[in-house]
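Here the structure is laid out as structure tokens; the discussion comes afterwards.
Number of protein chains: 2
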Amino acid sequence: MASVLQLFRAAKKLKIADAAAAEKPLSSGDKTQDKLQIDELAAWIAESQDILYAQHKHKILIVLQGMDTSGKDGTVRGVFGKIDPLGVHSVAFKAPTPAEKDRDFLWRVHQQVPGKGELTIFNRSHYEDVLITRVHDWIDDKECARRYEHIRGFEKMLAETGTVVLKFFLHISSDEQKKRLEQRIADPDKHWKFDPNDLEERKYWSDYQRLYAKAIDETDADHAPWYVIPADSKTQRNLAIATIVVETLQNLKLAYPPANPDYSKLKVV
Amino acid sequence: MASVLQLFRAAKKLKIADAAAAEKPLSSGDKTQDKLQIDELAAWIAESQDILYAQHKHKILIVLQGMDTSGKDGTVRGVFGKIDPLGVHSVAFKAPTPAEKDRDFLWRVHQQVPGKGELTIFNRSHYEDVLITRVHDWIDDKECARRYEHIRGFEKMLAETGTVVLKFFLHISSDEQKKRLEQRIADPDKHWKFDPNDLEERKYWSDYQRLYAKAIDETDADHAPWYVIPADSKTQRNLAIATIVVETLQNLKLAYPPANPDYSKLKVV
């Protein structure tokens, strides 16, 4: 299994190519089989969260990044959806509020980091502050470089204070995004997810791909690794992410705390 | 005036000596005169805060550290007491809550940093996490070194995102602390401030002095300077801190935003 973490780990000097979005390295070739496998992995993750909470030692932070329609919400449902809602905290970072704009870009993010025994999912994150902001020239290269440095320091601090940080780039192709946006426009059940602004952002596709590659390259670290997940197939995406999460949790050797031997003598009257 | 910032700036490889706590480099020699001077400086700081708020650009973070009875509360009153209560935010960091203990030591601190146009005073701070924790061996040297690094990264990030960070070590002598603790025990109006635990902490006086010197040395930076303030005299302490704050604010060249010329044509009916 150890190879899975290597398989998806961002390459040095990463280049993001449309073609790679369709790869299915973990697929059994049978979609039904793959989905059963995802269900099993998701159930295992849910059980592990219970131990994580009981052990009250590790903190797990999952960062999901990707272009519009890349499947961030679907990943939360598909991979983490079996966890007791009490045990998982999902945070969607939208455009910053006035109070957030008045402070450093890590302020709102730091507030939401997991405590001991907690698993938190960031649906978008502080990486937006080196992506959309740079694409639209709200910040220049110099400020962007400073922010990479701030992110590196912040994530290193989180890791050194006991947080397991996993970062996933959900990689879809331009064609796949086109298809998904068209569905959002056509399907009444998906209308609510459509934002005309997504069409504007799509015009900057190549800028985003370039800046994603740069941000990933600047902030990938063994204590806060980036995984590049082919995400044109939703099944493949969930299979890959679930497998990586399972392997990471297995490496932590989670265990319920030992029972207090004195308790076995207690009588409940 | 420029010399005042230099005069109190922590020396490299700082050694903290009891004798220095009684120095009065800014005193006129006349206590009444010195107090009038403090009042003028405090009034100037209060006026500047109004401009700071209106300009909505700079963020000011004042960190007050010192042994028990060193005068942190008195500094807040004496130097910042003339500011409109709407315009100043004073945060006293006590023993961490369970939620705070479950996260990195900078978590609760980062939440309280000033936004644009705000002035925030930390009465104790993240420095406790390399002082009391190290004195009592709750953390070892290795963890302490990691925390210095985390603090350096955090404060650099704050500075680079527009925060003016000023750190004051209120330096009292062991004899002066003895006197003040005795007053707290004897004076009915000060009983409430006395904590028997302060006598326990006093036993570690030399450890604290050594670790303060080390922490200051490790985290002093031009973007987050440490000032060592002789604080056996309360008047001298306030005079020094007020002067440093005034000079720092003067360097920012605060100014009200320009009036909108169109507004002068408006009629209020």
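Protein sequence lines correspond, in order, to chains A and B.
Going by full-length UniProt numbering, the first sequence opens with residue 1, and the numbers climb by one from there.
Going by full-length UniProt numbering, the second sequence opens with residue 1, and the numbers climb by one from there.
Don't be surprised by glycine CBs; every beta carbon is placed ideally from N, CA and C.
query	result
Beta-carbon of Thr161 of chain B versus every beta-carbon of chain A: anything under 8 Å?	yes
With a threshold of 8 Å on Cβ separation, who are the neighbours of Pro114 of chain A within its own chain once the five nearest residues in sequence on each side are excluded?	Lys59, Ile60, Leu61, His89, Thr120 and Thr163
By Cβ distance below 6 Å, which residues in the same chain neighbour Gly87 of chain A in space, the five residues on each side in sequence not counted?	Gln49 and Tyr53
Using only the alpha-carbon positions, how far apart do Leu170 of chain B and Val79 of chain B sit?	13 Å
Using the rule of at least 16 other Cβ atoms within 10 Å of the residue's Cβ for burial, across every protein chain shown, is Gln250 of chain B buried or exposed?	exposed
List the whole-angstrom C-beta distance separating Phe93 of chain B from Glu128 of chain B, where the pair is believed to meet the contact cut-off of C-beta under 8 Å.	7 Å
Within 10 Å of its beta-carbon, does Leu199 of chain A have 16 or more other beta-carbons around it, so buried, or fewer, so exposed?	exposed
Give me the chain B residues within the contact set of Leu166 of chain A, using Cβ-Cβ distance strictly less than 7 Å, ordered along the chain.	The contacting residues do not exist; Leu166 of chain A stays about 17 Å from chain B at best.
How long is the line joining the alpha carbons of Asp207 of chain A and Asp217 of chain A, rounded to whole angstroms?	15 Å
How long is the line joining the alpha carbons of Ala10 of chain B and Trp226 of chain B, rounded to whole angstroms?	6 Å
If I measure Cβ to Cβ from Val23 of chain A and keep anything under 6 Å in the same chain, skipping five residues before and after, which residues do I get?	Position check: residue 23 of chain A holds Glu in this sequence, whereas Val was assumed. Answer for Glu23 of chain A: Pro230, listed in chain order.
For Met1 of chain A, count neighbouring C-beta atoms within 10 Å of its own C-beta (all shown protein chains included) and say buried if the count is 16 or more, exposed if not.	Annotation note: pLDDT 45 at Met1 of chain A (below 50); position unreliable, coordinate value reported separately. Exposed: under 16 other Cβ atoms inside 10 Å.
Answer yes or no: does any C-beta atom of chain A fall closer than 8 Å to that of Met1 of chain B?	With a pLDDT of 45 at Met1 of chain B, under the threshold of 50, the modelled position of this residue cannot be trusted; read the value that follows with caution. No, Met1 of chain B does not count as interfacial toward chain A.
For a contact defined as C-beta to C-beta under 9 Å, what are the partners of Asp102 of chain A on chain B?	His56, Lys59, Pro114, Gly115, Lys116, Gly117 and Glu118
Of all the options B:Gln6, B:Asp175, B:Ile38 and B:Arg202, which has the alpha carbon lying nearest to the alpha carbon of Gly81 of chain B?	B:Ile38
Which parts of the region 46–105 of chain B are runs of the alpha helix (DSSP H), unbroken and 4 residues or longer, counting only runs that do not cross its ends?	72–80 and 98–101
Name, going along the chain, the residues of the region 118–151 of chain A whose beta-carbon falls closer than 7 Å to a beta-carbon of chain B.	Arg146 and His150
For a contact meaning CB atoms closer than 9 Å, what does Leu86 of chain A contact in chain B?	By Cβ distance, chain B contributes nothing, its closest Cβ being about 16 Å from Leu86 of chain A, past 9 Å.
Do you know how far the Cα of Phe8 of chain A is from the Cα of residue 299 of chain B?	Residue coverage of chain B in this structure runs from 1 to 269, which leaves residue 299 of chain B outside it and unanswerable.
Give the interface partners of His110 of chain B over in chain A, defined as CB-CB distance under 7 Å, in chain order.	Trp107 and His110
Can you name the start and end residues of the beta strand (DSSP E) that Val228 of chain B belongs to?	Trp226 to Pro230
Listing by chain order, which chain B residues have their CB less than 9 Å from the CB of Ala99 of chain A?	Gly115
Where are the alpha helix (DSSP H) runs, 4 residues long or more, that stay fully inside the region 144–213 of chain B, in chain order?	174–186 and 196–202
Name the chain B residues that come within less than 7 Å of Leu158 of chain A, Cβ to Cβ?	Asp104
Using a 10 Å radius around the Cβ and a threshold of 16 neighbouring Cβ atoms, would you call residue 297 of chain B buried or exposed?	For residue 297 of chain B there is no data in the structure shown, the boundaries of chain B being 1 and 269.
Secondary structure at Ala17 of chain B, three-state DSSP: helix, strand or coil?	coil
List, in chain order, every chain A residue whose beta-carbon is nearer than 7 Å to that of Gly153 of chain B.	Gly153 and Met157
Assess, as a yes-or-no matter, whether the region 174–184 of chain A is touched by the region 69–76 of chain A under the definition of 3 or more beta carbon pairs within less than 8 Å.	yes
Can you have a look at His191 of chain A and say buried or exposed, based on whether 16 or more other CB atoms are within 10 angstroms of its CB?	exposed
Measuring only the C-alpha atoms, how far is Thr133 of chain A from Lys167 of chain A?	20 Å
Would you tell me roughly how many angstroms separate the C-alpha atoms of Val246 of chain A and Val91 of chain A, rounded to the nearest one?	21 Å
Mind checking Val268 of chain A: buried by the 16 CB within 10 Å criterion, or exposed?	exposed
Go to Ile241 of chain B, then tell me how far its beta strand (DSSP E) extends in each direction, as first and last residue.	Ile241 of chain B -> not in any beta strand (DSSP E); alpha helix (DSSP H) instead, spanning Lys234 to Leu252.
For the beta strand (DSSP E) containing Ile139 of chain B, list its first residue and its last residue.	That residue, Ile139 of chain B, is in no beta strand (DSSP E); it is neither H nor E in DSSP.
Among A:Tyr148, A:Arg124 and A:Glu118, whose alpha-carbon lies nearest the alpha-carbon of Val130 of chain A?	A:Tyr148
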